[in-house]
Each structure stands twice: as C-alpha cells, then as structure tokens.
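First comes the structure, then the notes that go with it.
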Amino acid sequence: MRLILFLTLGVLLPGAAAQAPAERLEGPAVKVDDAWIYNKINGWNGELEDISVVRVKEVTAQGILLQATALDGSSPALIRRTAGFNVFSIEAPNLVRTMRPHYPNFSFPLWVGKTWEGKVAFESSDQPAKMVQAELRARVAGYETVTVPAGTFYALKIVIEGAYRAQNLEFTWTGRIEDTLWYAPQVRNAVRYEYRDSSGGSPHNHEIHELVNYWLVP
Numbered sequence: 103m104r105l106i107l108f109l110t111l112g113v114l115l116p117g118a119a120a121q122a123p124a125e126r127l128e129g130p131a132v133k134v135d136d137a138w139i140y141n142k143i144n145g146w147n148g149e150l151e152d153i154s155v156v157r158v159k160e161v162t163a164q165g166i167l168l169q170a171t172a173l174d175g176s177s178p179a180l181i182r183r184t185a186g187f188n189v190f191s192i193e194a195p196n197l198v199r200t201m202r203p204h205y206p207n208f209s210f211p212l213w214v215g216k217t218w219e220g221k222v223a224f225e226s227s228d229q230p231a232k233m234v235q236a237e238l239r240a241r242v243a244g245y246e247t248v249t250v251p252a253g254t255f256y257a258l259k260i261v262i263e264g265a266y267r268a269q270n271l272e273f274t275w276t277g278r279i280e281d282t283l284w285y286a287p288q289v290r291n292a293v294r295y296e297y298r299d300s301s302g303g304s305p306h307n308h309e310i311h312e313l314v315n316y317w318l319v320p
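Using the numbering used here, you'd call the opening residue of the sequence shown number 103 and step up by one each time.
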C-alpha cells in the first residue's frame, strides 16, 4: 500500500504527553470509523516501505472487522480481530492469512507485570503446503514514553516472544519470534510495533510500524 496521495481523515488528534497510568487497562472501546494511519519501516535499513490506513468497519460481540488500504483507498485488505482485539485473519485480494486461534497481542485487562501464553498456527493461502506453529509468551513490561510521527505518548509496552517450528514439502526449520508493541489507550490502539524473527538461528524479518495520525469517533 504505497503513498499515492494524502488522505485527510477529518480532525486529527494530537499526541498525549506522559500522564498517570491506570492500574488496570480494559480493552479499547473501538467504534465504527475509528481510523489510524501507519508507516511501515524496514527495520534493517530504516527505509519507509508502506503507508496504510486502517479503519474500523464493524464491531460486534463476536469481534472487530477492520479494513486496511493505501492512502488512496486501493489495495484493500480485511483484518479480523477477536473481541479481545487479537488478530486472527487477514484477507487480501490475492491471499488469506490465518492465525489460529489468534495471535496473542493482548489479554485485557492489562496491568504491569501481567503475563499470558498462546499457541498459534499460521497458515497462508499462497503457501498451502507451509505450516508454522509457535508457542508464544507475552508480558506487560511497563509504561514508556514513545515518540512517533503522530506525537508523544505514554504507552504500555508489551513484549511477545517464543519459538516456532515450520515445515513445507521440502524442509523443516525452527526459529524465534520477538514482537514488541506500545499500546496507548487514548489512541485505542498501539502507537508502535516492532517485529523480528529468525530462521535457523539467522535473523530474517525485521519491521517497524509507527502511528502517523489517527481519528476517533467520539
């Protein structure tokens, strides 16, 4: 989803400075038409790779449906999250990626020191013979002041890490996932993500997502 033109999302909200943290954070009360703009950055060389707009399309007791597009509305993809705000499906025009039962980004309510675990099976329709299974452990590390293009936020840092095992028709291999996000309740979402993984002991993927702007329905 490349930058083609600038999209104005109505009144954009400023970043929030450090404030007294809540002892317990409940899940975000997202609403239809809440929207966030994110930069995707190559973690190895710092280059901007992508800009996407993520907008809430539907909220039910069963889960949350979001749509991610380029700034001009092209390249749409549907993102499905559980009611607990954990991703379990990404549906793009040419492929579908699933995480069963879901990727353990969150376990609300959150508080500093909380931990949880999740076993996840990853599948992608463009690689039907490939199977990836991970055992992940998450922890709430604490509050940090984080500066991104959208502003400066006092955010809750969540660290997710663990081992995975993968196989296709030719090979079997193992590796590790290291995933960190900074969740800001006033944004109803994370303001920064940093994802790394390894394959066979060698570094592989490294990507960073940073909030550029956001708009929330009152």
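Ideal Cβ positions, reconstructed from N, Cα and C, are used throughout, including at glycine.
Because the structure is a prediction, the values reported are computed rather than measured.
Measuring only the C-alpha atoms, how far is residue i from residue j?
i    : j    : result
P116 : T276 : In this predicted model, P116 has a pLDDT of only 39, less than 50, meaning its place in the structure is not dependable; the value taken from the coordinates is given anyway. In a straight line, the C-alpha of P116 is about 42 Å away from that of T276.
A223 : G215 : 26 Å
P203 : V134 : 24 Å
T282 : P211 : 18 Å
V250 : A292 : 11 Å
V158 : R290 : 11 Å
L180 : E263 : 25 Å
L238 : Q269 : 18 Å
W218 : T274 : 28 Å
L109 : V132 : In this predicted model, L109 has a pLDDT of only 32, less than 50, meaning its place in the structure is not dependable; the value taken from the coordinates is given anyway. Cα to Cα, L109 sits roughly 21 Å from V132.
L258 : R298 : 19 Å
I166 : V234 : 25 Å
Taking the alpha carbon of residue i as the point to measure from, which residue in the options has its own alpha carbon closest?
i    : options                   : result
E312 : E125, L127 and N144       : N144
F187 : L168, F255, D135 and T254 : L168
Y285 : F255, E272 and H306       : F255
L197 : G175, S226 and E272       : S226
For the beta strand (DSSP E) containing residue i, list its first residue and its last residue.
i    : result
D228 : Unbroken run through D228: none, as it is neither H nor E.
Y274 : Checking the sequence, you will find Thr at residue 274 rather than Tyr. First-last of the beta strand (DSSP E) with T274: T274 to A286.
V293 : N291 to S301
Pop quiz: residue i and residue j are said to be a contact at Cβ under 8 Å. What is the actual Cβ separation, rounded to whole angstroms?
i    : j    : result
E309 : K142 : 6 Å
Y140 : V314 : 6 Å
V213 : E125 : Strictly speaking, residue 213 in this sequence is Trp, with Val absent from that position. Indeed they touch by this definition, with Cβ atoms about 6 Å apart.
A236 : A265 : 7 Å
T184 : S191 : That belief does not hold up - the Cβ atoms of T184 and S191 are roughly 10 Å apart, past 8 Å.
A137 : V161 : 14 Å between Cβ atoms; not a contact.
Just to check, is the beta-carbon of residue i closer than 8 Å to a non-hydrogen atom of the ligand MN?
i    : result
G220 : With respect to the ligand MN, the structure offers nothing, as it holds no ligand at all.
According to DSSP, what are the bridge partners of residue i?
i    : result
A170 : V156 and A179
G220 : L238
N141 : I153 and E312
G244 : K259
Are the C-beta atoms of residue i and some chain B residue less than 9 Å apart?
i    : result
L271 : Of the protein chains in this structure there is only one, and it is not chain B.
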